[in-house]
Amino acid sequence: MSIFSKNPLTIKEIWITSLQLYRKVFTQVWYLGMTIGIFVTVSLLFNVFYGTNDTSSFKVAHVILPIFIELIALYLTSVILYRIYNIAIEQAVSLKDSMIFINKKYFIIASSMAVMFILSMLGTIAFILPGVFLIVLFAMGQPLILFDNQGIIGAIKGSCKLVWGNWWRTFALIFPLLFIAYWMSFSMSRVAATTGKWYFFASGNMLFAVLFYPLITSCNLVIFNDLKLRRKIREITTTTTPTENL
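Each position in the sequence shown, counted from 1, maps to that position plus 170 in our numbering.
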């Protein structure tokens, strides 16, 4: 039986369902979060220990390495998303099958995420609030590509349609997770910079990735399901004729 609700949920119910899903899937995806943590930690430590090196090869590495790490992280988060979704609907899909599926979708995923990232950053540069608004508005793009077979433009438009009218609800659910992620990363880097104990930062970053990536993904899928239900109800309501209302 699928853990996803067939009826729209309150914010409290979304959190409860997300935690139930997280508990159900954690043992099957934690190692993917750990892999992301390893790559991200290596990239950050590289910048810490070799950030002052002015040789041309290191300058190139400072540009190429973060992009490479982001592409790997995007791939692995997509695998996590697909794995959790299939576990939630109780469909047996192996890790190999999940990776093959993501391989077929990866170009569209990477391209759409790049477009949405650029638009969000332009909004942030212009003024912070438009950037935040767009980040939330684009939050459902990745699930739409994976589970609704949308292309680049379709994912962007589809995410906007899902979130539009439920922006504040979506923000209220996503913001706490983003805030915790930022606060944890900032705190660990500050402690490491102050004490010089970079192993503390590395281990903390790894633990955070293991515990947090499955939680963010679980919550994102529950929100995605809820928004689709709300949109379906909205469409039925708007297409109802006056005669039917009588």
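The C-beta atom is built at its ideal place from N, Cα and C for all residues, glycine as well.
Rounded to whole angstroms, how far is the Cβ of residue i from the Cβ of residue j, which I believe are closer than 8 Å?
| i | j | result |
| --- | --- | --- |
| Ala258 | Ser172 | 6 Å |
| Ser282 | Gly311 | 6 Å |
| Val380 | Trp200 | 5 Å |
| Leu332 | Lys274 | Wrong, their Cβ atoms sit about 23 Å apart, outside the cutoff. |
| Leu246 | Thr205 | 6 Å |
| Pro236 | Ser213 | 6 Å |
| Ile234 | Leu343 | Not confirmed; about 35 Å, so no contact. |
| Tyr455 | Leu385 | Nothing can be reported for residue 455, as the shown portion of the chain is limited to 171 through 416. |
| Ala325 | Leu314 | 5 Å |
| Gly207 | Met354 | Not really, about 12 Å apart at Cβ, beyond 8 Å. |
Applying the 10 Å Cβ sphere with the 16-neighbour rule, what's the burial state of residue i?
| i | result |
| --- | --- |
| Val370 | This sequence places Phe at residue 370; Val is not what is there. Its Cβ having fewer than 16 others within 10 Å, Phe370 is exposed. |
| Leu416 | Confidence is the limiting factor: at Leu416 the pLDDT is only 44, short of 50, which leaves the residue's position unreliable and the question unanswerable from this model. |
| Met358 | buried |
| Gly335 | exposed |
| Arg404 | exposed |
| Tyr255 | buried |
| Ile272 | buried |
| Phe378 | buried |
| Leu292 | exposed |
| Gln261 | exposed |
| Arg253 | buried |
| Gly366 | exposed |
Helix or strand or just coil, what does DSSP make of residue i?
| i | result |
| --- | --- |
| Lys176 | coil |
| Ala262 | coil |
| Gly366 | coil |
| Asn217 | helix |
| Asn336 | coil |
| Thr409 | helix |
| Asn415 | Residue confidence is low: Asn415 scores 49 on pLDDT, short of 50, so the model does not pin down where it sits. Its coordinate-derived value is still stated next. Three-state DSSP puts Asn415 in a helix. |
Within the 8 Å Cβ cut-off, does residue i reach chain C?
| i | result |
| --- | --- |
| Ile173 | Annotation note: the requested chain C is absent from the structure, which comprises a single protein chain. |
Worksheet item: Which runs of the alpha helix (DSSP H) fall wholly inside the segment 287 to 334 and span at least 4 residues, in chain order?
Response: Listed in chain order, they are 298 to 307, 311 to 317, 322 to 333.
Discussion item. Which complete beta strand (DSSP E) runs does the segment 367 to 394 hold, if anything under 3 residues is left out?
Written reply: Listed in chain order, there is nothing to give.
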